[in-house]
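In this note's numbering, the protein residues as written are 11 to 203.
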Amino acid sequence: MKQYAPPSQPSRSYRTARVAPSAWQTASRRVRAIAIVSLSIGLAACVQPWQAFQPGANQSDLVARFGPPKEVYDLPNGNKHLLWPTRPLGETTVGAEIGPDGKLVNLQQVLDNTNFARVVIGEWNKHDIQVNFGLPEETAYFPLMKREVWSYRYVENNVWYRLYHFYFDDQGIVRLTQKTDDPLHDPDHRGFL
């Protein structure tokens with residue numbers, strides 16, 4: 011009986027033959043590509059405009075991006091605090107600390123829990139609140155408490171729409187802080203505003 015020896019080299023057709031991808035594989039690749047592009051766009055959308063600047067940037071670059079600041083305050087250390095609020099219905103206030111040389115020291119969204127936690131009850135006054143957070147969204151006076159209240163809209167943990175309230179005594183000293191749900195974003199109570 012004659013035995014066949016395997017060819018020492020595969021035939022040309024064996025080496026170059028390709029199997030065409032199935033319709034399922036092609037669709038799967040397209041879906042994967044679309045998902046990657048969508049994810050990239052989504053992540054890029056999460057980057058806030060103020061995160062594009064690094065300390066040392068020129069004040070003119072900030073003004074070119076955000077426009078002229080709506081509020082400017084002198085800080086005790088000789089720097090200036092520039093604010094770009096989104097009042098009356100916005101939840102962000104971009105704050106930039108600018109040194110005497112016109113260079114950026116710090117840039118951040120100032121209406122957040124970290125900055126609110128810096129407020130020292132019994133020490134901070136209206137001026138301190140205004141310099142750090144800007145003008146309030148709304149003010150009220152409660153005669154029975156003898157307290158003036160300044161309120162700021164913000165988004166807590168990028169999820170919950172809140173109002174942060176500062177209660178001042180008759181001397182303008184912060185005596186109490188409070189956060190509440192923002193009724194503007196509460197569908198059950200919108201009709202009462």
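We treat Cβ as the ideally placed atom computed from N, Cα and C, and that holds for glycine. Just so it is clear, the structure is predicted and the values come from calculations on it, not from any experiment.
Status (buried if at least 16 other CB within 10 Å, exposed otherwise) for Ala-54 | For the purposes of this step, residue 54 is taken as residue 44 along the sequence shown, with counting starting at 1. Note on Ala-54: pLDDT 48, under 50, position unreliable in the model; no value is reported.
Pair within 8 Å by beta-carbon distance, Arg-97 and Ile-131 = If you number the sequence shown from 1, residue 97 lands on position 87. If you number the sequence shown from 1, residue 131 lands on position 121. No.
Excluding the five sequence neighbours on either side, which residues of its own chain have a C-beta within less than 8 Å of the C-beta of Val-159, listed in chain order?
-> Sequence index remark: in the sequence shown, residue 159 carries index 149 (1-based). Exclusion of the five residues before and after Val-159 leaves Thr-149, Ala-150, Tyr-151, Phe-152, His-175, Phe-176, Tyr-177, Phe-178 as the residues of its chain whose Cβ lies within less than 8 Å of its Cβ.
Just the C-alpha distance for Tyr-83 and Gln-188, rounded to the nearest angstrom, thanks.
-> The count along the sequence shown starts at 1 and reaches residue 83 at position 73. The count along the sequence shown starts at 1 and reaches residue 188 at position 178. About 25 Å.
Beta strand (DSSP E) containing Arg-163: first to last residue?
-> Your numbering for residue 163 matches position 153 in the sequence shown. For Arg-163, the enclosing beta strand (DSSP E) has its first and last residue at 157 to 166.
Identify whether Lys-136 lies in helix, strand or coil by the three-state DSSP scheme.
-> As a position in the sequence shown, residue 136 is number 126, starting the count at 1. Reduced to three states, the DSSP call for Lys-136 is helix.
Paired residues, beta bridge with Asn-68 - DSSP = Taking the first residue of the sequence shown as 1, we reach residue 68 at position 58. DSSP, once it has assigned bridges, lists Lys-113 as partnering Asn-68.
Is it right to say Lys-103 is buried, meaning 16 or more other beta carbons lie within 10 angstroms of its own, or is it exposed?
-> Taking the sequence shown and counting its residues from 1, the one referred to as residue 103 is at position 93. The question names Lys, but residue 103 in the sequence shown is Thr. It is buried - the Cβ of Thr-103 has at least 16 other Cβ atoms within 10 Å.
Starting from the Cα of Asn-116, find the closest Cα among Lys-136, Asn-135, Glu-147, Leu-72 and give me that residue.
-> Position 106 of the sequence shown, counted from the first residue, corresponds to residue 116. For Asn-116, the nearest C-alpha among the options comes from Leu-72.
By how many angstroms is the C-alpha of Tyr-171 removed from the C-alpha of Val-120?
-> One-based indexing of the sequence shown puts residue 120 at position 110. One-based indexing of the sequence shown puts residue 171 at position 161. Answer to the nearest angstrom: the Cα atoms are 15 Å apart.
By a C-beta neighbour count over all protein chains shown, 10 Å radius and 16 as the cutoff for buried, is Asn-123 buried or exposed?
-> Counting from one through the sequence shown, the residue named residue 123 turns up at place 113. Under this definition Asn-123 is an exposed residue.
Cβ shell of Phe-143 (< 7 Å), same chain only, five flanking positions each side left out = Here residue 143 corresponds to residue number 133 of the sequence shown, with the count starting at 1. The answer, listed in chain order, is Thr-103, Val-120, Leu-121, Tyr-162.
Can you tell me whether DSSP reads Arg-172 as helix, strand or coil?
-> Locating residue 172 in the sequence shown gives position 162, where the first residue counts as 1. When DSSP states are grouped into helix, strand and coil, Arg-172 belongs to the strand group.
What whole-angstrom Cβ distance do Asn-68 and Gly-112 have, given they're in contact under 8 Å?
-> Taking the first residue of the sequence shown as position 1, residue 68 is located at position 58. Taking the first residue of the sequence shown as position 1, residue 112 is located at position 102. Contact between Asn-68 and Gly-112 holds: their C-beta atoms lie close to 6 Å from each other, under 8 Å.
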